[in-house]
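S.K.:
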Amino acid sequence: ECDTLLSHLQNYPAEYDGQLRAIRDSCIALVMLDAGLRVSEVISIRRGDVGWGDIVNRNIRVPAHIAKRGSARTIPVTLRLQGLIELMQLNIWIPFEWKPEQTAFFNLKTGRPLTKQGVGRIIRNAGRVSLHRNIHPHTLRHTFATNLMRTTNARVVQQLLGHKNLSSTQIYCHPNQQDLKKAIDTLPAGK
Numbered sequence: 001e002c003d004t005l006l007s008h009l010q011n012y013p014a015e016y017d018g019q020l021r022a023i024r025d026s027c028i029a030l031v032m033l034d035a036g037l038r039v040s041e042v043i044s045i046r047r048g049d050v051g052w053g054d055i056v057n058r059n060i061r062v063p064a065h066i067a068k069r070g071s072a073r074t075i076p077v078t079l080r081l082q083g084l085i086e087l088m089q090l091n092i093w094i095p096f097e098w099k100p101e102q103t104a105f106f107n108l109k110t111g112r113p114l115t116k117q118g119v120g121r122i123i124r125n126a127g128r129v130s131l132h133r134n135i136h137p138h139t140l141r142h143t144f145a146t147n148l149m150r151t152t153n154a155r156v157v158q159q160l161l162g163h164k165n166l167s168s169t170q171i172y173c174h175p176n177q178q179d180l181k182k183a184i185d186t187l188p189a190g191k
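Everything in the sequence shown is counted per UniProt numbering, starting at 1 for the first residue and increasing by one.
1. Output needed for Leu37: all residues of its chain with C-beta closer than 8 Å, excluding positions within five of it in sequence on either side, in chain order.
2. Answer yes or no: do Ile66 and Val77 have a C-beta to C-beta separation smaller than 8 Å?
3. Determine, for Arg24, whether the minimum Cβ-Cβ distance to residues of chain D falls below 8 Å.
4. On the criterion of 16 or more Cβ atoms from any shown chain inside 10 Å, does Cys27 qualify as buried, or is it exposed?
5. State the start and end residues of the unbroken beta strand (DSSP E) segment that holds Asn59.
6. Going by DSSP in three states, Phe106 sits in which element: helix, strand or coil?
7. So, with DSSP's three-state summary, where would you put Ile75?
8. Whole angstroms are fine: how far does the CA of Leu187 sit from the CA of Leu108?
9. Give the C-beta separation of Ala29 and Ile171 to the nearest angstrom, bearing in mind that I take them to be a contact with Cβ-Cβ under 8 Å.
10. Quick one: measure Cβ to Cβ for Leu5 and Ser130, integer angstroms, because I've assumed they're closer than 8 Å.
11. Where do the ends of the alpha helix (DSSP H) carrying Asp49 lie?
12. Here's a check: name, in chain order, each residue in its chain whose Cβ is nearer than 8 Å to the Cβ of Leu79, leaving out the five neighbours to either side.
13. From the DSSP output, read off the bridge partner residues of Pro113.
14. With 16 other CB atoms within 10 Å as the buried threshold, where does Pro175 fall?
15. Take Asn165 and list the residues in its own chain whose beta-carbon comes closer than 6 Å to its own, dropping the five residues that flank it on each side.
16. So which of Arg24, Leu160 and Thr139 has the shortest CA-CA distance to Pro113?
17. I need the boundaries of the alpha helix (DSSP H) containing Asn147, first residue and last residue.
18. Based on Cα-Cα distance, which residue from Ala72, Asp179, Gln82 and His138 lies nearest to Asn153?
19. Ile94: buried (16+ other C-beta within 10 angstroms of its C-beta) or exposed?
20. Gln89 to Ala104, Cα distance in whole Å?
Next comes the structure, spelled out in structure tokens:
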């Protein structure tokens, strides 16, 4: 489903504005899906938190003043997210002469920062068209966390999500039958 949603976002009509929207909106979705940012963090991060000049950072910095619990964190970026950030850099930030202290994601016509409602509209509309149902932006963060819980320990997921308490992170733990079997198979007597 995530691939279907991303494919829709990447294939807006080919006119100039459509291409730029496709890059921006895909990048917004991937920042939540591959880095686990909250919507409030997505609309608040600055260009300098993801790249500087024509260089793309290998990490996204979430400064303390925009993090929900006031605790800064640094999140490594996936290769596919890094590729989209590079497209943002080349096609949007540099041509628009966007400065490092300006918000990374903005309205392409007005230059104003996007709002939570604006990001919600982008994700909901993409979900309706591509998956025939409403998708809330937090669903992408939830998917990020659930996928991570299947590959690493809860403390790592806690750090990446910026949770103060481990109990908040455990909400994203949805073990399926395959996860249970894998856990048993790792026991010395389970083999």
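A virtual CB, placed ideally from N, CA and C, is assigned to each residue, including glycine.
M.R.: Based on what the coordinates show:
1. Val31, Ile45, Ile60, Val62, Ile75 and Arg141
2. no
3. The structure shown contains no chain D; it holds only a single protein chain.
4. buried
5. Asn59 to Val62
6. strand
7. If DSSP states are grouped into helix, strand and coil, Ile75 belongs with the strands.
8. A straight line joining the alpha-carbon of Leu108 with that of Leu187 spans about 54 Å.
9. 21 Å between Cβ atoms; not a contact.
10. 5 Å
11. Segment Arg47 to Val50, the alpha helix (DSSP H) holding Asp49.
12. For Leu79, where only same-chain residues beyond five positions count, there are no Cβ hits under 8 Å.
13. BP columns for Pro113 point to Phe106.
14. exposed
15. none
16. Arg24
17. Note, Asn147: alpha helix (DSSP H), Pro137 to Met149.
18. Asp179
19. exposed
20. In a straight line, the C-alpha of Gln89 is about 10 Å away from that of Ala104.
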